[in-house]
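Trainee: First the structure, then my questions, so here it is.
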Amino acid sequence: MAASLTFDSVTKRYDTTEALAGIDLTIEAGSFVALVGASGSGKSTLLKTINRLVEPTTGRVLLDDEDVTTRDATAMRRQMGYVFQRIGLFPHMRVGENIAIGPRLVGDNLSRERIGELLELVDLDPAMASRLPEELSGGQQQRVGVARALAGDPDLLLMDEPFGALDPVTRDALGTRVRDLHDRLELTTLMVTHDMAEALILADRVLVMDAGKIVADETPQALASGGGGEVAQGLVAVPRHQAERLKELER
Ligand SMILES: Nc1ncnc2c1ncn2[C@@H]1O[C@H](COP(=O)(O)OP(=O)(O)OP(=O)(O)O)[C@@H](O)[C@H]1O
Numbered sequence: 001m002a003a004s005l006t007f008d009s010v011t012k013r014y015d016t017t018e019a020l021a022g023i024d025l026t027i028e029a030g031s032f033v034a035l036v037g038a039s040g041s042g043k044s045t046l047l048k049t050i051n052r053l054v055e056p057t058t059g060r061v062l063l064d065d066e067d068v069t070t071r072d073a074t075a076m077r078r079q080m081g082y083v084f085q086r087i088g089l090f091p092h093m094r095v096g097e098n099i100a101i102g103p104r105l106v107g108d109n110l111s112r113e114r115i116g117e118l119l120e121l122v123d124l125d126p127a128m129a130s131r132l133p134e135e136l137s138g139g140q141q142q143r144v145g146v147a148r149a150l151a152g153d154p155d156l157l158l159m160d161e162p163f164g165a166l167d168p169v170t171r172d173a174l175g176t177r178v179r180d181l182h183d184r185l186e187l188t189t190l191m192v193t194h195d196m197a198e199a200l201i202l203a204d205r206v207l208v209m210d211a212g213k214i215v216a217d218e219t220p221q222a223l224a225s226g227g228g229g230e231v232a233q234g235l236v237a238v239p240r241h242q243a244e245r246l247k248e249l250e251r
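Structural data, given as structure tokens:
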């Protein structure tokens, strides 16, 4: 079952930097939310307050109405899958071991069948389980990163710029796959991305961050129709301009 999230006046300060400047937000169970914004606007910090890699300076984060700081960390992390910014596979472990690491840390051994199933979910051959990460392409490694995030049967999928290092064709294919898995596995998904086009195409709801605040909270349709204000429209202008240029070339 999907999980819901609530941010209640969350701030995070590092010395003089206000990484999060008061976040109030509810994310409904089952939604696919994209978090976009300029570099340094606070996207990763916000994501990390959910799995407690970052503790808020003030305020609370609730997962299914329970404060994440009062929950058992192991049980809670099982409920969440996390896809890292730079893949983050362990280089000396085989693909199968990389996928099974989360459950193993809490005493569960995944069967070879289950690892094969997870590889198939992300369109990889189960035989790849015995390879080392360096024997895979970047796109295949990132697919393994997604399979690993799904290994504990999470309710919540957190992704920090998951497709950033991939070529555009692989990026598009893996993005579509993840959206499909989100729907099939009934997840709640929160994805940080720099790419507004990706956010508009994959998400149900797009949050735009600027200087630690959420400055727009819109559907892709509303953003495409000009909503969300200046910062949001500045980001939407990029794919819009590209689409217009392509149209011109068709003539
Ligand atoms: N551990 C830290 N110590 C000090 N400052 C930090 C730390 N982590 C983040 N910051 C600062 O907090 C602000 C927000 O950082 P954050 O990583 O959340 O931004 P972001 O929007 O995810 O950026 P990017 O898109 O470049 O990944 C930045 O000014 C950053 O320098």
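Once you know that position 164 of the sequence shown is 164 in the UniProt record's numbering, the rest is easy, because the numbers rise by one and skip nothing.
Every residue, glycine too, gets a C-beta built ideally from N, C-alpha and C.
No experiment lies behind these values; they were computed from the predicted model shown.
So the candidates are Arg143, Glu134, Leu157; which of them puts its Cα closest to the Cα of Arg171?
Mentor: Arg143
Trainee: Could you name the residues whose beta carbon sits closer than 5 angstroms to any heavy atom belonging to ligand 1, keeping them in chain order?
Mentor: Tyr14, Thr17, Ala19, Ser39, Gly40, Ser41, Gly42, Lys43, Ser44, Thr45
Trainee: Kindly indicate which residue of Gly37, Phe7, Ile99, Ala100 has the alpha-carbon position closest to the one of Pro58.
Mentor: According to the sequence shown, residue 58 is Thr rather than Pro. If we check each option's Cα against that of Thr58, Phe7 comes out closest.
Trainee: Cutting at 8 angstroms between CB atoms, please list the residues of its own chain near Glu120, excluding the five before and the five after it.
Mentor: Pro126
Trainee: Any Cβ of chain C within less than 7 angstroms of the Cβ of Gly116?
Mentor: In the structure shown, chain C cannot be found, because there is only a single protein chain.
Trainee: For Ala222, which of helix, strand or coil comes out of DSSP?
Mentor: helix
Trainee: What is the DSSP secondary structure of Ser39, reduced to helix, strand or coil?
Mentor: The three-state secondary structure of Ser39, taken from DSSP, is coil.
Trainee: Distance, Cα to Cα, Met128 vs Leu235?
Mentor: 38 angstroms
Trainee: Relative to the C-alpha of Asp204, which candidate in Gln242, Phe32, Asp167 has its C-alpha closest?
Mentor: Phe32
Trainee: Please report how far the alpha carbon of Thr17 lies from the alpha carbon of Ile50, in whole angstroms.
Mentor: If you take the alpha carbons of Thr17 and Ile50, they lie about 20 angstroms apart.
Trainee: Less than 7 angstroms separating the beta-carbons of Gly81 and Ala149?
Mentor: In this structure, Ala149 lies closer than 7 angstroms to Gly81 by Cβ.
Trainee: For the alpha helix (DSSP H) that contains Thr176, what are its first and last residues?
Mentor: Per DSSP, Thr176 is one residue of the alpha helix (DSSP H) stretching across 168 to 184.
Trainee: Nearest to Met209 by alpha carbon, out of Phe163, Thr193, Gly107?
Mentor: Thr193
Trainee: Considering Ala237, what are the terminal residues of the alpha helix (DSSP H) in which it resides?
Mentor: 229 to 250
Trainee: With H, G and I counted as helix, E and B as strand and the rest as coil, what does DSSP make of Val206?
Mentor: strand
Trainee: Identify every residue that forms a DSSP beta bridge with Met191.
Mentor: Ala34, Met159
Trainee: Would you mind reading off the limits of the alpha helix (DSSP H) that contains Arg104?
Mentor: 95 to 105
Trainee: Ser4 by DSSP, collapsed to three states: which one?
Mentor: coil
Trainee: How long is the line joining the alpha carbons of Val231 and Ala237, rounded to whole angstroms?
Mentor: 10 angstroms
Trainee: DSSP three-state call for Gly88: helix, strand or coil?
Mentor: coil
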